[in-house]
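Residue numbers (the working numbering): 236 to 459.
Positions of the beta carbon are idealized from the N, C-alpha and C atoms, including for glycine.
Here the structure comes first, spelled out in structure tokens, and everything after it is commentary.
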């Protein structure tokens with residue numbers, strides 16, 4: 236599912252007000268923020284359109300129903316979540332307490348497989364290059380700055396990530412980079428190498444196809 240657009244500087248105060256005190260009418264919101272009802276309606280149009288605010292009708296004892304606005308489940312999820320700290324602590328504790336290398340490798344493989352499952356259903360191209368294109372588009376839809384390009388002189392496409400979805404974890408342990416690479420391999424069905432990495436000072440993380448083995452094509456790893 237695509238990530239909702241970033242909140243504008245004028246939309247965030249309104250959304251915070253609705254989250255704290257909603258359901259509210261346009262007049263109540265205008266009074267609460269000290270702006271005109273027209274300004275409130277313009278902001279509400281954006282918030283409702285992005286799925287962060289819901290409008291409902293309240294029927295009184297007489298007259299026309301009044302419309303009130305409240306924060307959606309998505310608004311509470313999006314503005315209240317902070318997975319980075321939890322993920323960082325969990326990873327550090329896992330690496331500290333699991334000393335058996337074989338067990339670590341097993342767990343590493345299980346995590347990689349679970350991550351790959353999140354993408355496989357939507358990456359269904361016949362060839363690995365088509366799947367790489369689909370993966371790049373899917374990452375972009377999820378809010379990760381990614382693209383698939385063909386660099387001058389290169390015959391094969393390259394997946395370039397301009398932002399890292401696991402940046403804080405990767406700063407602590409570069410094994411995260413290998414985990415992501417292996418996950419991409421499972422989704423695409425082709426061996427990949429990380430030729431450039433943002434943690435090394437490069438402008439993007441580049442995932443390139445490994446050369447095909449002399450014995451023949453690599454077996455695809457797409458599928459359960």
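DSSP has residue i in a bridge; who is on the other side?
{"i": "residue 440", "result": "396"}
{"i": "residue 321", "result": "DSSP lists no partner for residue 321."}
{"i": "residue 428", "result": "443"}
{"i": "residue 259", "result": "304"}
{"i": "residue 383", "result": "394"}
State the DSSP-derived secondary structure class of residue i, mapped to helix, strand or coil.
{"i": "residue 301", "result": "strand"}
{"i": "residue 291", "result": "strand"}
{"i": "residue 238", "result": "Because residue 238 sits at a pLDDT of 48, beneath the cut-off of 50, its placement in the model cannot be relied upon, and the point is left open."}
{"i": "residue 359", "result": "coil"}
{"i": "residue 283", "result": "helix"}
{"i": "residue 311", "result": "helix"}
{"i": "residue 372", "result": "helix"}
{"i": "residue 267", "result": "helix"}
{"i": "residue 435", "result": "helix"}
{"i": "residue 377", "result": "coil"}
{"i": "residue 335", "result": "coil"}
{"i": "residue 354", "result": "helix"}
{"i": "residue 243", "result": "coil"}
{"i": "residue 408", "result": "coil"}
Skipping 5 residues on each side, what residues in its chain have a beta carbon closer than 6 Å to that of residue i?
{"i": "residue 401", "result": "411"}
{"i": "residue 236", "result": "With a pLDDT of only 41 at residue 236, under the threshold of 50, the placement of this residue in the model should not be trusted; the figure read from the coordinates follows. Here the set comprises nothing."}
{"i": "residue 318", "result": "none"}
Return yes when the Cβ of residue j is within less than 9 Å of the Cβ of residue i, no when it is not.
{"i": "residue 367", "j": "residue 288", "result": "no"}
{"i": "residue 310", "j": "residue 253", "result": "yes"}
{"i": "residue 249", "j": "residue 278", "result": "yes"}
{"i": "residue 418", "j": "residue 350", "result": "yes"}
{"i": "residue 391", "j": "residue 364", "result": "yes"}
{"i": "residue 394", "j": "residue 380", "result": "no"}
{"i": "residue 347", "j": "residue 421", "result": "yes"}
{"i": "residue 338", "j": "residue 357", "result": "no"}
{"i": "residue 428", "j": "residue 415", "result": "no"}
{"i": "residue 246", "j": "residue 281", "result": "yes"}
{"i": "residue 269", "j": "residue 256", "result": "no"}
Residues in the same chain with beta-carbon distance under 7 Å from residue i, minus the five sequence neighbours each way, listed in chain order, please.
{"i": "residue 452", "result": "With a pLDDT of only 49 at residue 452, under 50, the local geometry of the prediction cannot be trusted, and no value is derived from it."}
{"i": "residue 405", "result": "399, 411, 412, 434"}
{"i": "residue 294", "result": "300"}
{"i": "residue 432", "result": "412, 440"}
{"i": "residue 303", "result": "258, 259, 260, 291, 293"}
{"i": "residue 323", "result": "403, 404, 407"}
{"i": "residue 409", "result": "434"}
Please work out which residues of its chain come closer than 8 Å, Cβ to Cβ, to residue i, disregarding the five sequence neighbours upstream and downstream, and give them in chain order.
{"i": "residue 329", "result": "342"}
Would you say residue i touches the ligand ADP, meaning its beta carbon is less than 8 Å from a heavy atom?
{"i": "residue 268", "result": "The ligand ADP is not part of the structure shown, which contains no ligands of any sort."}
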